[in-house]
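J.: This is the structure I have questions about; it appears just below.
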Amino acid sequence: MNAKHLIKIITYLGIIVTSIFFLTPIAYTFFTSFKTQVEIYQYPIFPKDFKLDNYFIIFNPKLSGRFILWNIASSAIVSFGSMIISIIVGTIAAYSISRYRTGGDNLFFMILTTRMAPPIVFAVPIFLIMKYSGLINTYLGLAIVYGAFNLALVIWMMKSFFDEVPKDIDDAAQIDGWSKFHVLFKFVLPRVYPGLFATAILCIIFAWNEFLFALLLMQSPYNQTLPVGIAGFYGERGWEWGQMAAAGLIAILPIYIFALIIQRHLVRGLTMGGVKE
Amino acid sequence: MGVAKSSSIERHWNKLLILPTMIYLGIFAFGSFGLVLFLSFTNIAFRGEISRFDIIGVENYAKAIMDPTFLTALKNTFILAGVAVPVEMLLGLGIALMLNQDIKGRRILRSLFILPMITTPIVVGNMWRLMYNSEFGLINYVLMSWGILSKPVPFLGLPETALWAIILVDIWQWTPFTTLIILAGLQALPTAPYEAALVDGASSWQIFRKITLPMLVPTLLIAFLLRFMDAIKIFDIVYITTFGGPGLSTEIVGLTIYKEAFKKLNLGYASALTVLVLFIVIILSNIVLMIINKIMRR
Amino acid sequence: MSKIFIKNLRKKFGNRTVLDNITFEVKEGECMVLLGPSGAGKTTTLRCIAGVEVPDSGEIYFDGELVNNKRPQDRYVSMLFQSYALYVNLSVYDNIASPLKAANLSSSEIDKRVKNIAKTLHIEHLLHRKILGLSGGEQQRVALARALVKEPKILLLDEPLTNLDAKLRAEMRSELKRLQRELHQTTIYATPDPVEAMTIADKIAMINRGQIRQIDTPENIYFNPKDAFIADYISVPSMNFIEGEVLCVNDKLVFRSGDFIYDITWLREMLDSKQLESGIIIGLRPSDIKISKDPLCEGFVAKVYGIESLGLENIIHLKFNDKIIKVKTTSEESYEIGEVVKFSIEKNNVYVFDRKTGMNINQVKIE
Amino acid sequence: MVNVRIENATKRFGKTIAVNKLNLEVKDGEFVCILGPSGCGKTTTLRCVAGLDKFDEGHIYFNDEMVDHLSPQERNIGMVFQFYVVYRMTVRENLAFPLEIKNLPRDEINRRVKEIAEILRLSDLLDVNATKLGPAEKQRVALGRALIKEPKVLLLDEPLTNLDAKLRTEMRIELMRLHKRLRSTTIFVTHDQLEAMTLGDRIAVMNLGVLQQYDTPYNLYYHPKNLFVADFIGSPSMNFIECTLKRKNGEAFLDATDFKINLGDLSNVILRKASSEEVLMGIRPEHIVISKENVNDAFTGIIDFIENIGDKNIIHVKIGNQIIRVLVHGRTEFKLNETVYIKFLMNTFHVFDKKTGSVIV
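Structure representation (structure tokens):
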């Protein structure tokens, strides 16, 4: 009828096309995870029925030759551990930068660089450092590496949360008679708990998804993290497509749940605190 | 003058808080950089133990700038970033504009649209291996049943299509990122200029062109910068889908360094490549920052 | 209660001088108002006294004791922030109790004192509420209670009324003053609002660009301002200024600015040769100018440019010599835009300032 | 030019009623202020007239033509917002924007831009980027953009609120002169009663979505219809004293426990109109005379507090438990705790019904 209606129609069409584009690969993987090796060729899109065979197989080391449960445990330990390290170290640094401008622009650039540089440039030195410090093949080693990578994220995200707490609060608490230690942990930190939580989740997500260093530093099938554990599915009968799809879904399910919980802060995390929502 | 009598913890409180970070980053970022810079002048090789370790000067660099694999990898990396990122920006802007309107189920759509971006890259690679598969993959199935293709095409297996197939994967995974940032930018825009333009009598297109777009420029720049720097980092997806092949058609710098260091075990040469890549990244990010500064100032 | 002495306080932020040699004294139980525009250095002065800002140089004495090296938590001062700086994660009660808990008082003592101060400020009914649900006025009272509960040596108030609406502001103005007087609390109060300053102060320190321009009683600041800046700032509505030269005609001294010619022979004693040469500025408060429609009346001819209503009174903007002169009249006389009127002045109400330095030439010295 | 009529308009946001059965007519060329505290529905009303919002019930007419279904673009109005809106373009482009939309010929646009720039004293700034201007200049640009298309109706939403005091007075005078010259039908929303009193031909006082009184500034000040208007108009605000209406020898008087006020001639009217004995007496601080000497019928009080506001003083006089504020011009000779005598000027006080808040006299 008029321009307004036209825009509405185009919008809804666009939304539908976009939804199909974004969701099809995920849905297709979901469907494939219920197909046996033979059914994959018989049923191009939807599975015949929702058989859980592939899921049973991948969780059974005897059948699949993989150690998914061990991988999940490794991923959880390393993600959580690295999150703790970077949150503790990064939060107090973020407070210092937010309140005292510690380090000025140089520190800003320095920390930013660690996030801008491709991880691969750290591959050789970190491999050697880990090898000769005996931390290779340990959870701690990988957690320390992830902690370092997430540090920049934690610092800039937490800084943007601290910046939202007026500095008057610090001064008021100090004039009330509290020490600087109390000011931070009793008065300022409680006000950024939601931000801290979101940041922690983001750290976990990034660690959970990481592949390169997990590949380099974890070499036993028992302590490999999930992305490495599910990377290849070439078995006796060629590519085990169904199992690959099932394992992929297992890996991303917790991430999807986490991401939905902290949606509100996702943009801030992705832009290092640059864009707020 | 200072607060001399106060306890020394309070006096150095700000430095104390930042100290762990300095140590941490000192070892990892700068220790690593120093180490890699040093190794790049050696021929160090590694097979479980260090098997070779001589200082050979700039030999690695001389070799690198003539190395067809490395040069092809650089070319591919920049084609990928140069094509994928602008497409992601345009799509992101379009989708954000759609989501910014008053439509039903906007929140749910927004939640669904972030899924590709947070999916484990290795899983993303595997998903698209299924999609692209020439024997049963969905894409071939659909294209053939619509009559667009007469016979299946192994998109990831042909030198002509492999890089483009990976670019599409990158677009799939990262368009949500630009969408989300641009949407946040749109929602942060003040409504007053928009309403003023309505009262002034402007049409929707005029409002977008003259009011919305100019105000959105800073957000677009942030999104572009972050996305471009990230696109250069691509590794996992190429590793799992093509491992650089066929031939060198999808070779990217991350993969070249990885293969040199951990397959061919030339740590020295890999270090030199690393330094070169880092150098390019730093120059590039400075150029981008400079351009952004210029535009912002205008 | 304490007296406080501040000597030669200086502070720079980068290249910008924020405090330039600030010196003043506040007697025990006195209320000193730091009055000046935003960015004058009022807040920085208060923050230096509280100890949350460290001055580049200068000394701060409480009761004769140098406190420069004391941490904020050891100074026993209280500060009320413009933003109130309440702890939103704590209840009203815990907010007020915070200074007492920091001092490790017993919980029964804390309880007693919190309830006491809450009663004084009429906020007993709010004690168990959350901060976020409170109105601006209530938040302000809670912040005040937190500041007063520890019975500080010095109470610092940083624009405490700025965030309240006009009506509440007028109410709190008188209540704050009553409270300060009753508690005999040494207070330093920073505000940009001259009306607030005149109402609350025992003494006003007029501060601008980091310098103290005049310290005096409100009355003296108003009637004997030291320079044109202060005269303009303290006047509500603001003062009219006419800049011009001084001429000697026969044995008379005459001020001239365009068509405005005015006999200032009576000023002869006060003007020095430099001022005769460079000229002077005449300052007139809008309420001190008479306006008349009678063409025969003595005075200067001007046109009505605009009219501002203040309820009972109007401010008539007159266009005179391309300048706007504001005159206050009662609302019973009505004027039309464009109307020609005459205005006249009386020499007792004329302020005279040096054209170059802006200093008040006929300031009456009061010791 | 146009006559604007709002008929029986109601607007709800969820459960709150922002505007409640509003009837308002703005005559051709009239300058009307809508005055009220924040949340009274004044901005909502303006936005509905602009077409940015829609009333849930009721109609808006421009010259008897119903405009309810028209979009803002179609209503031919000019509007200025509280937060000065300028586009990221030069001043010239800003001013030309509404005309370019209409595809007017270039020389016509140039002529009108020049004209309006002259009126608003923007001629020297035409090629400056509007976002770089100071607040007052920005607001003049916004005003110019609203005026340049010669709108039927000019809508101003607290346009001066974010300027500092000095600029605010200046702009007020400019607006008044501009209106005198252009005579466009204008609706001006503000929370500042002084601003409304200065500018408005008529003022519509609103509270909680309800129109309280629609009248000239003079009548609002001297004949407020209810407690809210009496309290809201005038600064310093009116004194209100709780009284009981009593009768003695056929004459009525007000008993305020600490003092009594004879009603004289007004007795009959008050007795007839009052619905109960509980009333509030209101008197403006400027209608009270204070002196150190006792005079007939004066009340004795003690000075509790002196508020100095520029060239006036507000003296708080305590009579029993009541505090009455008195306005005194010029320098004051009164001192704290001094005993003084105050007297209400005849026929200046109002009596309000305590329950309904409406005025009795």
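Chains A, B, C and D, in that order, give the protein sequences.
Following numbering that gives the first Met the number 0, the numbering of the first sequence begins with 0 at its first residue and continues without gaps.
Following numbering that gives the first Met the number 0, the numbering of the second sequence begins with 0 at its first residue and continues without gaps.
Following numbering that gives the first Met the number 0, the numbering of the third sequence begins with 0 at its first residue and continues without gaps.
Following numbering that gives the first Met the number 0, the numbering of the fourth sequence begins with 0 at its first residue and continues without gaps.
Yeah, the Cβ is synthetic: ideal placement off N, Cα and C, and Gly gets one too.
At which residue ranges does the stretch 163-239 of chain C contain complete beta strand (DSSP E) runs of 3 or more residues, listed in the order of the chain?
T.: Segments of the beta strand (DSSP E) lying fully in the stretch 163-239 of chain C: 186-190, 202-207, 210-215.
J.: Count the C-beta pairs between the stretch 223-239 of chain B and the stretch 76-83 of chain B that are closer than 8 angstroms, then say yes if the count reaches three, no if not.
T.: Flag = yes, the stretch 223-239 of chain B and the stretch 76-83 of chain B touch.
J.: Just checking: is the beta-carbon of S270 of chain B within a distance shorter than 9 angstroms of some beta-carbon in chain A?
T.: Within the second sequence, the letter at position 271 stands for residue 270 of chain B. Chain A contact via Cβ: present.
J.: Nearest-angstrom Cα distance between H222 of chain D and D191 of chain D?
T.: Taking the fourth sequence and counting its residues from 1, the one referred to as residue 222 of chain D is at position 223. Taking the fourth sequence and counting its residues from 1, the one referred to as residue 191 of chain D is at position 192. If I take the Cα positions, the gap works out to 19 angstroms.
J.: Starting from the Cα of D170 of chain A, find the closest Cα among C:F299, C:T356, C:T16, C:E52 and give me that residue.
T.: Locating residue 170 of chain A in the first sequence gives position 171, counting from the first residue. For the residues C:F299, C:T356, C:T16, C:E52, the minimum Cα distance to D170 of chain A belongs to C:E52.
J.: Does the contact criterion of 3 or more C-beta pairs under 8 angstroms hold for the stretch 221-234 of chain A versus the stretch 256-268 of chain B?
T.: Cβ pair count under 8 angstroms is below three, so no.
J.: Could one say the Cβ of N359 of chain C lies closer than 9 angstroms to chain A's Cβ atoms, at least one of them?
T.: Your numbering for residue 359 of chain C matches position 360 in the third sequence. No, its Cβ sits nowhere closer than 9 angstroms to a Cβ of chain A.
J.: Pull the bridge partners of E244 of chain C from the DSSP assignment, please.
T.: The count along the third sequence starts at 1 and reaches residue 244 of chain C at position 245. E244 of chain C is bridged to C:R255.
J.: Please report the straight-line C-alpha distance between N68 of chain C and R112 of chain C, rounded to a whole angstrom.
T.: Numbered from its first residue, the third sequence carries residue 68 of chain C at position 69. Numbered from its first residue, the third sequence carries residue 112 of chain C at position 113. Approximately 29 angstroms between the Cα atoms of the pair.
J.: Closest to Y83 of chain D by C-alpha separation, out of D:I118, D:D156, D:R111, would be which residue?
T.: In the fourth sequence, counting from the first residue as 1, residue 83 of chain D sits at position 84. Minimum Cα distance to Y83 of chain D is reached at D:D156.
J.: Going by other Cβ atoms of all chains shown within 10 Å of its Cβ, with 16 needed for buried, is W240 of chain A buried or exposed?
T.: Counted from its first residue, the first sequence places residue 240 of chain A at position 241. Buried is the call here.
J.: Between the beta-carbon of G300 of chain D and the beta-carbon of V316 of chain D, is there less than 9 angstroms?
T.: Start at 1 with the first residue of the fourth sequence, and residue 300 of chain D comes out as number 301. Start at 1 with the first residue of the fourth sequence, and residue 316 of chain D comes out as number 317. Yes, these two residues count as a Cβ contact at 9 angstroms.
J.: For F4 of chain C, I'd like the list of residues in its chain whose CB is within less than 6 angstroms of its CB, leaving aside the five on either flank, ordered along the chain.
T.: Translated into positions along the third sequence, residue 4 of chain C becomes position 5. Contacts found: E24, Y60.
J.: Taking just the CA atoms, how far does L132 of chain D sit from L124 of chain D?
T.: Working through the fourth sequence from its first residue, we reach residue 124 of chain D at position 125. Working through the fourth sequence from its first residue, we reach residue 132 of chain D at position 133. About 9 angstroms.
J.: Classify C247 of chain C as buried or exposed, calling it buried when 16 or more other Cβ atoms lie within 10 Å of its own Cβ.
T.: Position 248 of the third sequence, counted from the start, is the residue given in the question as residue 247 of chain C. C247 of chain C comes out exposed.
J.: What are the residues in the stretch 136-155 of chain D lying within 7 angstroms of chain G by C-beta distance?
T.: As a matter of chain content, chain G is missing from the structure shown, whose protein chains are A, B, C and D.
J.: To the nearest whole angstrom, what separates the beta carbons of Y60 of chain D and R120 of chain D, a pair I think is in contact under 8 angstroms?
T.: Locating residue 60 of chain D in the fourth sequence gives position 61, where the first residue counts as 1. Locating residue 120 of chain D in the fourth sequence gives position 121, where the first residue counts as 1. Actually they do not touch by this definition, with Cβ atoms about 35 angstroms apart.
J.: Apart from the five residues on each side of it in sequence, which residues of its chain come closer than 8 angstroms, Cβ to Cβ, to R87 of chain D?
T.: Here residue 87 of chain D corresponds to residue number 88 of the fourth sequence, with the count starting at 1. Result list for R87 of chain D: N128, A129, T130, in chain order.
J.: Would M0 of chain B be called buried (16 or more neighbouring beta carbons within 10 Å of its own) or exposed?
T.: Taking the first residue of the second sequence as position 1, residue 0 of chain B is located at position 1. Residue confidence for M0 of chain B is low, a pLDDT of 36 falling below 50, so the modelled location carries little weight; the figure read from the coordinates is stated next. Exposed.
J.: In the DSSP assignment, what are the bridge partners of D157 of chain C?
T.: Against the third sequence, residue 157 of chain C aligns to sequence position 158. C:A189, per the DSSP bridge assignment.
J.: Distance check for E29 of chain C and G13 of chain C, CA to CA, integer angstroms please.
T.: Numbered from its first residue, the third sequence carries residue 13 of chain C at position 14. Numbered from its first residue, the third sequence carries residue 29 of chain C at position 30. Near 34 angstroms, if we compare the C-alpha coordinates of E29 of chain C and G13 of chain C.
J.: Measuring CB to CB, does I180 of chain B end up less than 9 angstroms from V153 of chain A?
T.: As a working mapping, residue 180 of chain B is identified with position 181 in the second sequence. As a working mapping, residue 153 of chain A is identified with position 154 in the first sequence. Contact flag unset, no.
J.: State the start and end residues of the unbroken alpha helix (DSSP H) segment that holds K278 of chain A.
T.: Outside the shown range of chain A (0 to 276) lies residue 278 of chain A, about which nothing can therefore be said.
J.: Give the secondary structure of I95 of chain C by DSSP, where H, G and I count as helix, E and B as strand, and everything else as coil.
T.: Position 96 of the third sequence, counted from the first residue, corresponds to residue 95 of chain C. Looking at I95 of chain C - three-state DSSP - the assignment turns out to be helix.
J.: In whole angstroms, give me the CA-to-CA distance for V198 of chain B and Q72 of chain D.
T.: On the second sequence, position 199 is the one that residue 198 of chain B refers to. On the fourth sequence, position 73 is the one that residue 72 of chain D refers to. V198 of chain B and Q72 of chain D: Cα-Cα distance of roughly 5 angstroms.
J.: Specify the secondary structure class of S275 of chain D as computed by DSSP and reduced to three states.
T.: Counted from its first residue, the fourth sequence places residue 275 of chain D at position 276. DSSP places S275 of chain D in coil when its eight states are reduced to three.
J.: How is V1 of chain D classed by DSSP in three states: helix, strand or coil?
T.: Position 2 of the fourth sequence, counting from 1, holds the residue named residue 1 of chain D. Three-state DSSP puts V1 of chain D in coil, outside helix and strand.
J.: Which residues does DSSP list as the beta-bridge partners of K214 of chain D?
T.: Against the fourth sequence, residue 214 of chain D aligns to sequence position 215. The question names Lys, but residue 214 of chain D is Asp in the sequence shown. Answer by DSSP bridge pairing, in chain order: D:I202.
J.: Let me confirm a value: K34 of chain A is counted as buried when at least 16 other C-beta atoms fall within 10 Å, else exposed. Which label applies?
T.: Position 35 of the first sequence, counted from the start, is the residue given in the question as residue 34 of chain A. K34 of chain A comes out buried.
J.: DSSP has Y340 of chain D in a bridge; who is on the other side?
T.: The residue labelled residue 340 of chain D in the question sits at position 341 within the fourth sequence. Y340 of chain D pairs with D:S290, D:T299.
J.: Using the Cα positions of L214 of chain A and Y221 of chain A, report the straight-line distance between them to the nearest angstrom.
T.: If you number the first sequence from 1, residue 214 of chain A lands on position 215. If you number the first sequence from 1, residue 221 of chain A lands on position 222. Going by the C-alpha atoms only, they are around 13 angstroms apart.
J.: In three-state terms, what does DSSP make of R111 of chain D?
T.: Looking up residue 111 of chain D in the fourth sequence gives position 112. R111 of chain D: helix per DSSP, three-state reduction.
J.: With a cut-off of 8 angstroms, do at least 3 Cβ pairs link the stretch 150-165 of chain C to the stretch 76-90 of chain C?
T.: With the cut-off at 8 angstroms, the stretch 150-165 of chain C and the stretch 76-90 of chain C touch.
J.: Give a yes or no on whether 9 angstroms exceeds the smallest Cβ distance from A171 of chain A to chain C.
T.: For this step, residue 171 of chain A is matched to residue 172 along the first sequence. Cβ-Cβ to chain C under 9 angstroms: yes for A171 of chain A.
J.: What is the C-beta distance between P150 of chain D and N75 of chain D, in whole angstroms, given that I count them as a contact (C-beta under 8 angstroms)?
T.: Taking the first residue of the fourth sequence as 1, we reach residue 150 of chain D at position 151. Taking the first residue of the fourth sequence as 1, we reach residue 75 of chain D at position 76. That belief holds up - the Cβ atoms of P150 of chain D and N75 of chain D are roughly 6 angstroms apart, short of 8 angstroms.
J.: Determine the burial state of H183 of chain C: buried for a count of at least 16 other Cβ atoms within 10 Å of its Cβ, exposed for fewer.
T.: Against the third sequence, residue 183 of chain C aligns to sequence position 184. It is exposed - the Cβ of H183 of chain C has fewer than 16 other Cβ atoms within 10 Å.
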